[in-house]
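Each residue of the sequence shown is one higher than the last, beginning at 449 in this note's numbering.
Just so you know, even glycine gets a beta-carbon here, dropped at the ideal spot from N, CA and C.
Note that the structure is a prediction, hence the values are computed from the model and not measured.
Encoded as structure tokens, the structure appears first; notes follow it.
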Amino acid sequence: EGNLYAVFILSDIQQTTVLNVVTDMKISSYDWNTAEKLHFPIVLSVEDREKYTGATYWIEADAPEFTNAEIKPTDGSEKQLIETIMDYTLKKMSPKIMDEESTALTAWRQGYGDCWEYSAVFTALCRAHGIPARIIITNWPDSEASGHAIVEVFIEELGWVPFDPVNIDTRYTTFNEIDTDLIYLT
Numbered sequence: 449e450g451n452l453y454a455v456f457i458l459s460d461i462q463q464t465t466v467l468n469v470v471t472d473m474k475i476s477s478y479d480w481n482t483a484e485k486l487h488f489p490i491v492l493s494v495e496d497r498e499k500y501t502g503a504t505y506w507i508e509a510d511a512p513e514f515t516n517a518e519i520k521p522t523d524g525s526e527k528q529l530i531e532t533i534m535d536y537t538l539k540k541m542s543p544k545i546m547d548e549e550s551t552a553l554t555a556w557r558q559g560y561g562d563c564w565e566y567s568a569v570f571t572a573l574c575r576a577h578g579i580p581a582r583i584i585i586t587n588w589p590d591s592e593a594s595g596h597a598i599v600e601v602f603i604e605e606l607g608w609v610p611f612d613p614v615n616i617d618t619r620y621t622t623f624n625e626i627d628t629d630l631i632y633l634t
């Protein structure tokens, strides 16, 4: 889908197994600004479109809280719709470190969370409004952290474009530009 480089499938593990992967990697910037310049189109299959606009246990995109949300872009463009959904997410949510992940609906109702909850709410709102979206777990190089959740939104002309809702809210990044040091783990 434009950014998958390796897959390791370990099955029927009978004992403790260690997988060490050593690699040199080039980290490239890809955010809204970059996507608009590069125009890296990807065709999304009907199955994937349904998968990434549908509801799941963690992303209850069919809940009335998301389907009935007052999302009204000013100019009717897809970019404006996504930006309006982001603004709606940021107005509803407040940052708070969580001990456990919540579903999108639980996060919506409590009104706070960390990167996972922000990403779940943003993903649910995108999906509820027909925009394919998925949560991606990332990490920063040399980080002690266990991972950071961001969202990729599918745009026909641009492919999968990443957004970092919690860091947009805390003004670490913007709607148009994301941290370029993130490494995708999923």
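Under the assumption that residue i contacts residue j (Cβ atoms under 8 Å), give the Cβ distance between them as a whole number of angstroms.
i, j, result
"residue 585", "residue 530", "In fact, because the Cβ distance is near 21 Å, the residues do not count as touching under 8 Å."
"residue 490", "residue 608", "7 Å"
If you drop the 5 nearest sequence neighbours on each side, which residues of the same chain put their C-beta closer than 7 Å to that of residue i?
i, result
"residue 470", "none"
"residue 624", "479, 480 and 481"
"residue 556", "513, 540 and 569"
"residue 522", "528"
"residue 459", "none"
Tell me residue i's beta-bridge partners as DSSP assigns them.
i, result
"residue 587", "631"
"residue 560", "542"
"residue 609", "601"
"residue 596", "586"
"residue 581", "601"
Just to confirm my understanding: we take residue i, look at its own chain, exclude 5 residues before and 5 after, and list those with CB closer than 8 Å. What are they?
i, result
"residue 595", "585, 586, 587 and 633"
"residue 519", "529, 532, 533, 536, 573 and 577"
In whole angstroms, what is the alpha-carbon distance linking residue i and residue j?
i, j, result
"residue 526", "residue 603", "8 Å"
"residue 559", "residue 463", "42 Å"
"residue 549", "residue 569", "12 Å"
"residue 622", "residue 461", "42 Å"
"residue 509", "residue 553", "8 Å"
"residue 456", "residue 467", "9 Å"
"residue 477", "residue 485", "12 Å"
"residue 511", "residue 597", "22 Å"
"residue 494", "residue 561", "32 Å"
Among the residues of its own chain, which have a CB less than 6 Å from the CB of residue i, if the five just before and after it don't count?
i, result
"residue 627", "621"
"residue 483", "606 and 609"
"residue 515", "576"
"residue 600", "582, 584, 608 and 610"
Pairing CB atoms from the segment 609-625 with CB atoms from the segment 537-555, are three or more of them under 8 Å?
Verdict: yes, contact present.
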